[in-house]
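Below is one structure; the comments refer to it alone.
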Ligand code: F6R
């Protein structure tokens, strides 16, 4: 595992964007696995800036996102599709037909998940998977206790995740209770993984995930067993790992 220590959030965003753009430059028709949440927003902004300057070309890139809420349409401002469109897809020259997320409006959960697995397999897997880290160690919506052997599946969100995501909704009752998410097996199949972590409030879980035991109770800890993981984290979130890196 490589760990890049960033001074602050903007340094973190630039470093992460550098790694993503290197992937796009080295393999223009790559498959990028993308994440939503607050942490990657700065990296997306930086990628858009470089695209506008003419330094990046997304015309051959395909993307697959980690997850989507169940029961929320693409037009809904809280959907992850809407988020990706706002923050990246509509800002660069990516072909919309090559941007994939689980279909939140597919009521048949088994079909939604099987279809998404099929898309990922038919693309030949993910070249670079971007991840954020949940306060309870979740990656995607893989909450503590999840079996490591799962592919895309439907999950019930934990109370903690519902509360954490409430900031994007009018009230707690508006936060969807279920989501479709790539599983740990899907995430671990990516050829490279890039995790971005920011903030003091992630310091404890970051230490647990990367330097504690590998256990389903901290889903991100499985990344210790992946052969090509890059962690870009700011000083605040690395506070408890100082003596280890
Ligand atoms: C996002 C996702 C989540 C977030 C995680 C961290 O698609 O699946 O696992 O990456 O909750 O979120 P932030 O970056 O908002 O702290």
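Numbering (this note's numbering), first residue to last: 69 to 313.
Positions of the beta carbon are idealized from the N, C-alpha and C atoms, including for glycine.
Remember, predicted model here, so these are calculated numbers, not experimental data.
Taking the beta carbon of residue i as the centre, do at least 16 other beta carbons fall within 10 Å, making it buried, or is it exposed?
{"i": "residue 258", "result": "buried"}
{"i": "residue 161", "result": "exposed"}
{"i": "residue 306", "result": "buried"}
{"i": "residue 91", "result": "buried"}
{"i": "residue 206", "result": "buried"}
{"i": "residue 141", "result": "exposed"}
{"i": "residue 114", "result": "buried"}
{"i": "residue 231", "result": "exposed"}
{"i": "residue 147", "result": "buried"}
{"i": "residue 97", "result": "exposed"}
{"i": "residue 99", "result": "buried"}
{"i": "residue 282", "result": "exposed"}
{"i": "residue 229", "result": "buried"}
{"i": "residue 138", "result": "buried"}
{"i": "residue 154", "result": "exposed"}
Return yes when at least one heavy atom of ligand 1 lies under 7 Å from the C-beta of residue i, else no.
{"i": "residue 147", "result": "no"}
{"i": "residue 221", "result": "no"}
{"i": "residue 208", "result": "yes"}
{"i": "residue 199", "result": "yes"}
{"i": "residue 104", "result": "yes"}
{"i": "residue 218", "result": "no"}
{"i": "residue 107", "result": "yes"}
{"i": "residue 135", "result": "yes"}
Which residues bound the beta strand (DSSP E) around residue i?
{"i": "residue 196", "result": "196-199"}
{"i": "residue 247", "result": "246-249"}
{"i": "residue 221", "result": "221-224"}
{"i": "residue 295", "result": "Careful: residue 295 lies outside any beta strand (DSSP E) and carries neither H nor E."}
{"i": "residue 133", "result": "130-133"}
{"i": "residue 101", "result": "99-102"}
{"i": "residue 253", "result": "From DSSP, residue 253 is part of no beta strand (DSSP E) but of the alpha helix (DSSP H) over 252-256."}
{"i": "residue 74", "result": "70-74"}
Cβ atoms of residue j and residue i: under 8 Å apart, would you say?
{"i": "residue 69", "j": "residue 299", "result": "yes"}
{"i": "residue 249", "j": "residue 209", "result": "yes"}
{"i": "residue 156", "j": "residue 260", "result": "no"}
{"i": "residue 220", "j": "residue 167", "result": "no"}
{"i": "residue 284", "j": "residue 213", "result": "yes"}
{"i": "residue 172", "j": "residue 136", "result": "yes"}
{"i": "residue 105", "j": "residue 78", "result": "no"}
{"i": "residue 84", "j": "residue 264", "result": "yes"}
{"i": "residue 180", "j": "residue 174", "result": "yes"}
{"i": "residue 277", "j": "residue 289", "result": "yes"}
{"i": "residue 247", "j": "residue 286", "result": "no"}
{"i": "residue 227", "j": "residue 234", "result": "no"}
Under a CB-based cut-off of 8 Å, is residue i close to chain B?
{"i": "residue 164", "result": "Looking for chain B here will not work: only one protein chain is present."}
Need the endpoints of the alpha helix (DSSP H) that residue i sits in, please.
{"i": "residue 183", "result": "177-190"}
{"i": "residue 152", "result": "148-155"}
{"i": "residue 263", "result": "Where residue 263 is concerned, there is no enclosing alpha helix (DSSP H), although the beta strand (DSSP E) it sits in stretches over 260-265."}
{"i": "residue 227", "result": "227-233"}
{"i": "residue 173", "result": "Note, residue 173: premise wrong, no alpha helix (DSSP H); not H, not E."}
{"i": "residue 110", "result": "109-121"}
Closer than 7 Å to a non-hydrogen atom of ligand 2 - does that hold for the CB of residue i?
{"i": "residue 202", "result": "Ligands in the displayed structure: ligand 1; ligand 2 is not one of them."}
Find the nearest neighbour of residue i within the set the options, judged by alpha-carbon distance.
{"i": "residue 191", "options": "101, 84, 72", "result": "101"}
{"i": "residue 117", "options": "81, 151, 171", "result": "81"}
{"i": "residue 159", "options": "280, 242, 121", "result": "121"}
{"i": "residue 199", "options": "308, 266, 127", "result": "266"}
{"i": "residue 87", "options": "76, 112, 75", "result": "112"}
{"i": "residue 163", "options": "151, 129, 177, 184", "result": "129"}
{"i": "residue 280", "options": "127, 254, 312", "result": "312"}
{"i": "residue 308", "options": "275, 150, 255", "result": "275"}
{"i": "residue 188", "options": "133, 292, 154", "result": "133"}
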